[in-house]
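Chains F and Z, in that order, are what the protein sequence lines are. Residue 124 in our numbering sits at position 116 of the first sequence, with consecutive numbering throughout. Residue 35 in our numbering sits at position 27 of the second sequence, with consecutive numbering throughout. To start, the structure under review is shown below, and the notes come after it.
2 protein chains.
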Amino acid sequence: MVQYKATHLDATFAALSDATRRGVLEQLGRADSSITDLAEKFHMTLTGMKKHISVLEQAGLVATKKVGRVRTCKLGSRQLAEETAWIEAYRARWASRFDALDDLVEELKQKEKSDGRKSKA
Amino acid sequence: MVQYKATHLDATFAALSDATRRGVLEQLGRADSSITDLAEKFHMTLTGMKKHISVLEQAGLVATKKVGRVRTCKLGSRQLAEETAWIEAYRARWASRFDALDDLVEELKQKEKSDGRKSKA
């Protein structure tokens, strides 16, 4: 049985699976913004933007604060460290699988050469 | 207007947002597997596993091949390079935002010290 566990990863990757939400994170990386400003920038209704912000907030990627009637958004505390670690591990496994394939091809080539020599001898 | 575009990223991040699918990728990083074996390993119906494989295949993370009655799965050609780049850029922005905050706090501290000296003088 493979060891695997559900962590924050589900929520973060789901939050990142939308181009608008990634755009919002890029924007908040430049400056804090109100939801109204974000809705305008992304040509979206306030309701639509609120939903995206809610997904990002639940994933810990955005933090919001209401001052008076304005809700301001900023980057949350999640630094995507776990996500980076998972992807790095995947890439390492991917590379080693394809290295193994290269080795096998090389081995078969060598075998062919050696068989060739034997049949000539 | 913020520059952002929908790429493969939507499909990949969505594919990665499920613990079973991440587990399948980890498993396929060790060895190719049939869908039947994967369904068994993850205590899942064949239909359920087929759906997960289909999501992974559409994201280019898994490639399948049918030989006779058995469909074998292996890691696909996507190496998550774009995903890594996106996350790295996010982390860099995140760090610079919080560095800027540190600088501001440091500046305020210095100002306080300097004001303290002035009031003593």
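Note that CB positions come from ideal geometry on N, CA and C, so glycine has one too. Please read all numbers here as calculations on a predicted model, not as lab measurements.
Quick check on residue 53 (chain F): does DSSP put it in helix, strand or coil? As a working mapping, residue 53 (chain F) is identified with position 45 in the first sequence. Residue 53 (chain F) falls in the coil class under three-state DSSP.
At which residue ranges does the stretch 46-129 of chain Z contain complete alpha helix (DSSP H) runs of 4 or more residues, listed in the order of the chain? 54-66, 89-128
Nearest-angstrom beta carbon gap, residue 36 (chain F) and residue 82 (chain F) [assumed within contact, 8 angstroms]: Position 74 of the first sequence, counted from the start, is the residue given in the question as residue 82 (chain F). Position 28 of the first sequence, counted from the start, is the residue given in the question as residue 36 (chain F). The pair is a contact, with the Cβ atoms about 6 angstroms apart (cut-off 8 angstroms).
Boundaries of the alpha helix (DSSP H) in which residue 40 (chain F) is found, first to last residue: Here residue 40 (chain F) corresponds to residue number 32 of the first sequence, with the count starting at 1. Taken as a continuous stretch (DSSP letters only), residue 40 (chain F) belongs to no alpha helix (DSSP H), as it is neither H nor E.
Judging by CA-CA distance, which residue of F:123, F:106, F:120, F:118 is the nearest neighbour of residue 39 (chain Z)? On the second sequence, position 31 is the one that residue 39 (chain Z) refers to. For residue 39 (chain Z), the nearest C-alpha among the options comes from F:106.
Looking at the structure shown, is residue 26 (chain F) part of a helix, part of a strand, or coil, going by DSSP? Against the first sequence, residue 26 (chain F) aligns to sequence position 18. Of the three classes helix, strand and coil, the one that applies to residue 26 (chain F) here is coil, per DSSP.
Backbone CA spacing between residue 77 (chain Z) and residue 54 (chain Z) [nearest angstrom]: In the second sequence, counting from the first residue as 1, residue 77 (chain Z) sits at position 69. In the second sequence, counting from the first residue as 1, residue 54 (chain Z) sits at position 46. Each residue's Cα considered, the two are about 14 angstroms apart.
May I have the straight-line CA-CA distance separating residue 95 (chain Z) from residue 50 (chain Z), to the nearest angstrom? On the second sequence, residue 95 (chain Z) is found 87 positions in, with the first residue counted as 1. On the second sequence, residue 50 (chain Z) is found 42 positions in, with the first residue counted as 1. Distance between the alpha carbons of residue 95 (chain Z) and residue 50 (chain Z) is about 29 angstroms.
Between the stretch 86-114 of chain Z and chain F, which residues of the former have CB atoms less than 9 angstroms from a CB of the latter, in chain order? 86, 87, 88, 89, 91, 92, 94, 95, 96, 97, 98, 99, 100, 101, 102, 103, 104, 105, 106
Identify which residue in F:22, F:92, F:61, F:125 has its Cα closest to the Cα of residue 33 (chain F). In the first sequence, the residue the question calls residue 33 (chain F) occupies position 25. Answer by Cα proximity: F:61.
Option nearest residue 70 (chain F) by Cα separation, candidates F:125, F:30, F:103, F:122: Residue numbering aside, residue 70 (chain F) sits at position 62 when the first sequence is read from its first letter. The shortest C-alpha separation from residue 70 (chain F) is found at F:30.
What is the rounded straight-line gap between the Cα of residue 104 (chain F) and the Cα of residue 85 (chain Z)? Numbered from 1 along the first sequence, position 96 holds the residue referred to as residue 104 (chain F). Numbered from 1 along the second sequence, position 77 holds the residue referred to as residue 85 (chain Z). Each residue's alpha carbon lies about 13 angstroms from the other.
Give me, in chain order, the residues of the same chain whose beta-carbon lies closer than 7 angstroms to that of residue 24 (chain F); leave out the 5 immediate sequence neighbours on both sides. By one-based count along the first sequence, residue 24 (chain F) stands at place 16. Taken in chain order, the residues that qualify are 30.
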